[in-house]
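Going by my numbering, the sequence shown opens with residue 34, and the numbers climb by one from there. We put the CB at the ideal spot given by N, CA and C, even for glycine. One structure is given below, encoded as structure tokens.
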Amino acid sequence: MASRSKKTIKTYDTAGLKVPVSLGVIMDGNGRWAKKRLLPRSAGHRAGAENLKELCRNCGNYGVKYLTVYAFSTENWSRPENEVSQLMKLFVEFFEKYDPELEQEGIRVRFTGDIASLPEDLQRVCREGEERSKHRPKMQLIVAFNYGGRRELVYAARRLAEQVRKGEIDPSDITEESISSNLYLPDVPDPELIIRPSGEMRLSNFLLWESAYSELWVSDTLWPDFGYEELTQAFRDYAGRDRRFGGLSAKDSDEGDKK
Ligand code: FPP
Numbered sequence: 034m035a036s037r038s039k040k041t042i043k044t045y046d047t048a049g050l051k052v053p054v055s056l057g058v059i060m061d062g063n064g065r066w067a068k069k070r071l072l073p074r075s076a077g078h079r080a081g082a083e084n085l086k087e088l089c090r091n092c093g094n095y096g097v098k099y100l101t102v103y104a105f106s107t108e109n110w111s112r113p114e115n116e117v118s119q120l121m122k123l124f125v126e127f128f129e130k131y132d133p134e135l136e137q138e139g140i141r142v143r144f145t146g147d148i149a150s151l152p153e154d155l156q157r158v159c160r161e162g163e164e165r166s167k168h169r170p171k172m173q174l175i176v177a178f179n180y181g182g183r184r185e186l187v188y189a190a191r192r193l194a195e196q197v198r199k200g201e202i203d204p205s206d207i208t209e210e211s212i213s214s215n216l217y218l219p220d221v222p223d224p225e226l227i228i229r230p231s232g233e234m235r236l237s238n239f240l241l242w243e244s245a246y247s248e249l250w251v252s253d254t255l256w257p258d259f260g261y262e263e264l265t266q267a268f269r270d271y272a273g274r275d276r277r278f279g280g281l282s283a284k285d286s287d288e289g290d291k292k
């Protein structure tokens with residue numbers, strides 16, 4: 034298991050790697066990380082937040098432009114009240130206390146999710162975080178907060194239905210492109226790669242529409258321990274993936290046989 038204290042020389046040399054422009058990360062395993070150390074789950078979330086800073090630094094330095102992280106799903110409200118309230122405190126602290134570090138790294142913060150349904154104080158933290166960071170050039174950190182892929186599709190469907198009701202579009206104008214452009218953040222490219230630490234082989238309602246052709250990379254490491262080496266390995270493996278988008282690669286086609 035990678036140790037968080039292990040000193041690693043970070044080169045950000047991209048030879049042999051493919052760095053995605055848009056990357057998704059499901060930050061899973063904080064609770065298990067804490068339990069293994071006989072610590073409360075909140076300690077796992079705190080270690081997870083520390084690791085998010087590290088991920089931002091590493092992704093920014095590798096040249097990722099959009100990093101979308103799954104922080105809190107529309108289903109996570111069903112967790113014990115104490116865990117939810119500690120997570121909310123941690124989010125506020127992260128975006129206020131850690132912002133100077135994100136600023137130093139040139140990282141812009143944005144949120145995706147049902148932000149309008151959050152309590153007003155959390156909405157304000159999101160708004161201010163976005164406003165304060167909007168000119169930062171290096172990378173966008175997109176935090177999926179009160180996010181559900183299904184809820185995002187409901188949001189897009191309602192927006193399109195409203196446009197039909199007003200007579201602005203015809204139902205036959207609804208296309209894959211128009212659905213994409215009515216999602217929460219239409220300017221953010223679909224993730225080419227989604228990383229899920231902690232061994233689970235599912236998307237858990239993360240970026241359902243946007244992940245149609247994402248490559249998936251899963252590791253057994255729990256999120257707080259997921260570091261530079263594994264990120265680098267994910268980019269190395271991604272370089273070897275053959276993304277066909279439902280088509281064929283040149284070597285597999287009958288035309289390729291004739292060459
Ligand atoms: C899922 O793992 C993780 C979460 C529900 C919370 C993710 C939050 C953080 C990493 C904190 C930092 C985030 C921000 C944006 C400041 P789990 O805790 O359910 O782990 P388990 O599956 O081992 O129980």
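Considering residue i, what are the terminal residues of the beta strand (DSSP E) in which it resides?
i: E248; result: 248 to 251
i: G279; result: Premise fails: G279 is in no beta strand (DSSP E) and is neither H nor E.
Any idea which residues DSSP pairs residue i with across the strands?
i: Q173; result: Y99, R141
i: L226; result: L56, E248
i: F105; result: F178
Comparing the CB of residue i with every heavy atom of ligand 1, is any distance shorter than 7 Å?
i: F239; result: no
i: D61; result: yes
i: V176; result: yes
i: S231; result: yes
i: F124; result: yes
i: H168; result: no
i: R143; result: no
i: R65; result: yes
i: W256; result: yes
i: A82; result: yes
i: F127; result: yes
i: F268; result: no
i: N115; result: no
i: L281; result: no
i: L85; result: yes
i: A104; result: yes
i: N109; result: yes
i: R165; result: no
i: R70; result: no
i: L88; result: no
i: G182; result: no
i: L120; result: yes
i: R235; result: no
i: R160; result: no
Following the continuous alpha helix (DSSP H) through residue i, name the residue where it begins and the one where it ends.
i: L186; result: 182 to 198
i: D258; result: Looking at the DSSP string, D258 is not in any alpha helix (DSSP H), and its letter there is neither H nor E.
i: F127; result: 114 to 130
i: G162; result: 153 to 166
i: N63; result: 63 to 69
i: S213; result: 209 to 213
Nearest by alpha-carbon distance to residue i: which of the options is it?
i: F144; options: N109, N115, L216, E83; result: L216
i: T41; options: E262, F278, V176; result: E262
i: E87; options: S213, S286, W256, Y103; result: W256
i: I140; options: P222, R90, E225; result: R90
i: E164; options: K98, T47, E129; result: E129
i: R169; options: K98, A267, W242; result: K98
i: F127; options: H78, G279, L226, L218; result: H78
i: C159; options: Q173, V142, G81, A283; result: V142
i: S150; options: Q173, S106, E136; result: S106
i: V102; options: I228, S286, K171; result: I228
i: A104; options: K167, L174, A190, D132; result: L174
i: R274; options: L226, L236, T47, D253; result: L226
i: S297; options: V52, L120, N179, A48; result: The question about residue 297 has no answer, for the chain in this structure spans 34 to 292.
i: N109; options: D61, A67, E153, Q156; result: D61
i: I207; options: R191, K51, F278; result: R191
i: N63; options: L56, G57, A80, P219; result: A80
i: F124; options: D154, S111, E195, L100; result: D154
i: A48; options: G280, A272, R198; result: A272
i: G146; options: N115, K122, Y180; result: Y180
i: E83; options: F259, L72, I212; result: F259
i: E116; options: V187, L85, P73, L135; result: P73
i: E306; options: A189, L71, S166; result: Nothing can be reported for residue 306, as the shown portion of the chain is limited to 34 through 292.
i: G96; options: K51, E134, E114, K69; result: K51
i: I148; options: L56, G182, F178; result: F178
i: F278; options: G93, E248, L241; result: E248
Ligand 3 and residue i: does any heavy atom of the ligand fall closer than 7 Å to the residue's C-beta?
i: G77; result: You won't find ligand 3 in this model; what it holds is ligand 1.
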